[in-house]
Amino acid sequence: MNTRDRAQHPEGNNWNSQYDYLDSLISGSHTSRHDADGLYYKASLPNMVTYPDFKTFDWNKDEIRDNAENHYDKIGRSGFVSGLLEFLESWWGWILVILMGVCVGIISVFIHCGISWFSSFREGVCRYDLYKNKHDCCWVSEVYSVDSDCEEFLTWREVFGLYSDGYVVGAYNYIFNYLGYITLSAAFATLAATYVKVIAPYAYGSGIPEIKTILSGYVIKGFLGKATLLVKSMGVILCVGAGMSVGMEGPIVHIACCVGNIFASFSRRFRNNEARKRVMLSASVAAGVAVAFIAPIGGVLFSFEELSYYFPVKTLWKALAAAMAGVFTVRYISPTDTHHCSFFLNFDTDWNMFELIPFSMLGVLGAFYGVFFIKCNLFWTRYKATYHFAKYPILETFVLAFITSLLAFPNPFTKAEATQVIKQLTSKCNVGDSGYLCAYNWSSSADSSDPYHDAVASDEVYFGILLLSLAILFKLTTTILTFGSKIPTGLFIPTMYIGACTGRIVGILTEQTIISLQGNGFGEFICPRNNGYQCVTPGLYGIVGSAAFLSGVNRMTVTLAIIMIELTGGLKYIIPILTAVMIAKWLGDCLCTSSIYEEYIQLKKYPFLSDKEEYSANYRVGEVLDIRGGYRGLVWISATESTVICIQELIERYNYWGYPVVLTHDSRLLLGYVTKLDLKQALYEAWANSREIRVDTLVHFVEVRPEQQQFRHILDFSKIVDRAQFQVTRSTPMHNVVKMFQKIGLRQVLVSECGKVEGILSKKDIVEHVLQTSRQYEEDHSCSCWNLSERFSYN
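The UniProt record's numbering puts the last residue of the sequence shown at 795; the count rises by one with no breaks.
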């Protein structure tokens, strides 16, 4: 678009108003160079700028500017001083990463202790130590399980004296405990929703979809702020402690990134460079997952496989350092190991080859569960947004908490804290154990020294299976309704809970089937009685089920297997876990759904370009450019024909990220690209350094020769022009362009033909094109395992 005719001075314009306008565009202190008389001004190299909210930054440009700043910082230093400062700068990043990991570990311990205490407080208090939760209070009794109580823990009917000699005195006392449980649960959750709505609106949800988008190069101001950190920490304690179907593992990743963002502000190189800041955030993700599961290797792999968009070796080492520092802190300062999500197995029995069949079945169930959950949750989220539910998040949370606690109290497997239930579901039953899951009719020869027992299930065990089935239905429904609400919500523990329940049921049924076959040859063949160990361990199925259902929801593979191994200490069970995880992953992909996090990214329309899907469509750049408007609406800047008022009106009228720079308006020969932020900064500095600039002063975007400098009114902005912008032609395959955006982290590419500018393709354009291509394929083709490899392979 030609801007020559807009160079006239508008009537009534004065330099005070121009200064006010420029001052409103740019704030802060800047440095620049200009000549003595102020009539010829040459802009300096652009400084690192603060990116606007909801914008994508350019990875390549930030790294180039960072290298340039490092080069100029070293100029003028003495040898000793330069070496000392370089040494301190190189180690300061490591020190910040380690301190960040320690801080995340401290917050994790606080959150775990808070969740356990609030969860127990709904049922009562410890008789002698009010600060202890129910599990720790009953630890000395050695009879504690989720479906039993102990004398050391006082229920609310006992606290208020509604008991006689420790015995229940009727339905009135039960109702009193019931009402106290519901009231406190609803109060905790409602308080959390109030904090989120009033103080920090970004503290709702798990935060993982947004963090994944931020790590890909998107800027969301306030999402990693101090208020979000405080409200997210308190909110997750209240919500999980209220017994809602949420977990703390997702929110703690968000919390860790808030901590990392705060520590990044302590370093100039991290603070002023968005690309470098992502290194700290990737390490924060690793630390968050590590302290949540006590799994440092799993935390690093989670950051690499699931969230981080770019993960070079230097980021790997910093992520490992942060994860190790966080886990060490948790281990050192945690009051007891029971405060953390660790399910170390109490058995070491081998598994049999025939068990790969039920393990594979758990993988299939995990895939179907993942697809069902994702579809239903997205439907419910869209439904709430369509109607008036979204206007009343506090009321919605109160209703959810009330219904959840109302239905959870009668069932011991839903009443207790979810992590304690998972620990029991993944444990082995020994002779003499009580409870719904361990009330077996042990054979007369069974004793504690016998490694193999004919553990025939009693009616109480089958009643326990019924309770587990009801718990699965309850947890599935409430998780669908709760995840995505305006409170801190995580998905790991609810999904592991459902998977552990399903796995335990499959394990018990498999165990009883093998026992019933012991009298014939087939049973002796697959599991001989003299093999010296218990043939089927239902607790192992609980672990495999948890992993399979998690894989069905978030589509992780290697990371998930490593986390489960670190979580349980069961390295010998890597094959069963990987079998179920891979089947759940493959079948889930065949059923045409992405992970829950990527689905939420699409739902919220974040500009995230996934690097996991292969783009193979036969489009060319010219076709996509024409679809998106092509040449129409393109705005460029002439390198030698622009004036101050031209540039000012261009910035004010066209809200674009930047503009191509051409030699002349008529030739359209492409010279480079300049961003709006750099233009604003250069104009502000020019006015601050030379008050004799007029609205008709020429602005050159090419180097001004010495003889041209005699012309007194010239601003030389050649330094702010990016002459190394990536360019493509109209005939370039879109496959190559998509790869460029995925691998290099570009924000835009310029389209030129024979040196003449034709258009611009931004990351947003690429994301929308890829999504449109995907939807068109799903509409035109049926999705199945057989054509999965040909997805997007059409024109």
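Glycine is no exception: its CB is placed at the ideal position from the N, C-alpha and C atoms.
From a predicted model like this one, the values you see are computed outputs, not experimental measurements.
Inset, instruction - Please name the residue in Val558, Phe54 and Thr397 whose C-alpha comes closest to that of Leu481. - result: Thr397
Legend entry - Stretch pair the region 568-586 + the region 718-737: three plus CB contacts closer than 8 Å: no
Inset, instruction - Give me the Cα-Cα distance between Tyr619 and His112, rounded to the nearest whole angstrom. - result: 51 Å
Legend entry - Same chain, Cβ closer than 6 Å to Arg747, five either side skipped, listed in chain order: Thr56, Asp58 and Lys763
Legend entry - Sequence-distant residues of its chain with Cβ nearer than 8 Å to Ile574 (five each side left out): Ala561 and Ile565
Legend entry - DSSP bridge partner residues for Val661 (one or two, in chain order): Ile637 and Gly672
Inset, instruction - Just grab the DSSP bridge partners of Asn441 for me. - result: Val456
Legend entry - Nearest candidate by alpha-carbon position, reference Val97, set Glu692, Arg276 and Gly225: Arg276
Legend entry - Reduced DSSP category for Tyr656 - H, G, I as helix; E, B as strand; rest coil: coil
Inset, instruction - Using 10 angstroms around the beta-carbon of Cys754, count the other beta-carbons present and answer buried if the total reaches 16, otherwise exposed. - result: exposed
Legend entry - Extent of the continuous alpha helix (DSSP H) to which Ser762 belongs: From DSSP, Ser762 is part of no alpha helix (DSSP H) but of the beta strand (DSSP E) over Lys756 to Ser762.
Inset, instruction - Measure the C-alpha to C-alpha separation of Gly114 and Asn655 and round it to an integer number of angstroms. - result: 47 Å
Legend entry - Opposing strand residues paired with Pro576 [DSSP bridges]: Answer is none; Pro576 lacks a bridge partner.
Inset, instruction - Flag this pair as touching only if the region 682-692 and the region 622-638 have three or more C-beta atom pairs under 8 Å; answer yes or no. - result: no
Inset, instruction - Select from Ile577, Val553 and Leu281 the residue whose C-alpha is nearest the C-alpha of residue 800. - result: Since the first residue shown for the chain is 1 and the last is 795, residue 800 is missing from the structure and cannot be characterised.
Inset, instruction - Check whether the Cβ atoms of Lys318 and Val285 lie closer than 8 Å to each other. - result: no
Inset, instruction - Would you mind sorting Met353 into buried or exposed? The rule is 16 or more other CB atoms within 10 Å of its CB. - result: exposed
Legend entry - Cα-Cα separation between Ile237 and Glu274, rounded to whole angstroms: 31 Å
Legend entry - DSSP three-state assignment for Tyr178, whether helix, strand or coil: helix
Inset, instruction - Answer with buried or exposed for Asp348, where buried requires no fewer than 16 other C-beta atoms within 10 angstroms of its C-beta. - result: exposed
Legend entry - Where Pro451 falls: helix, strand or coil (DSSP): Unreliable positioning characterises Pro451 in this predicted model, as indicated by a pLDDT of 46, which lies under 50. A coordinate reading is not provided.
Legend entry - Nearest-angstrom Cα separation, counted from Gly570 out to Asn272: 44 Å
Inset, instruction - Apply the 10 Å Cβ neighbour rule to Gly28 and answer buried if 16 or more other Cβ atoms are within range, or exposed otherwise. - result: Confidence in Gly28 is poor, its pLDDT being 34 and thus under 50, which makes the residue's placement too unreliable to answer from.
Legend entry - Own chain, CB closer than 6 Å to Asn377, minus 5 neighbours either side, in chain order: Ile480 and Phe483
Legend entry - Beta-carbon separation (whole angstroms), Leu567 vs Phe293, contact threshold 8 Å: 5 Å
Legend entry - Three or more C-beta pairs below 8 Å linking the region 466-481 and the region 400-419: yes
Inset, instruction - Pair every Cβ in the region 602-621 with every Cβ in the region 323-336, then say whether three or more of these pairs are closer than 8 Å. - result: no
Inset, instruction - Please report the residue range of the beta strand (DSSP E) in which Leu750 lies. - result: Gln748 to Glu753
Inset, instruction - Report buried or exposed for Gly499, applying the criterion of at least 16 other Cβ atoms within 10 angstroms of its Cβ. - result: buried
Inset, instruction - Take Asp611 and list the residues in its own chain whose beta-carbon comes closer than 6 Å to its own, dropping the five residues that flank it on each side. - result: Gln742
Inset, instruction - Return the first residue and the last residue of the beta strand (DSSP E) that Cys126 is part of. - result: Gly124 to Cys126
Inset, instruction - State yes or no: is the C-beta of Leu550 within less than 8 Å of the C-beta of Thr502? - result: no
Inset, instruction - State the Cα-Cα distance for the pair Arg775 and Ser616, rounded to the nearest angstrom. - result: 14 Å
Legend entry - C-alpha gap between Leu761 and Ser718, whole angstroms: 24 Å
Inset, instruction - Could you check which residue in Gly235, Ser282 and Gly124 has the C-alpha nearest to that of Tyr195? - result: Gly235
Legend entry - Within 8 Å, strictly: CB atoms of residue 804 and Lys212: The question about residue 804 has no answer here: the residues shown for the chain are numbered 1 through 795.
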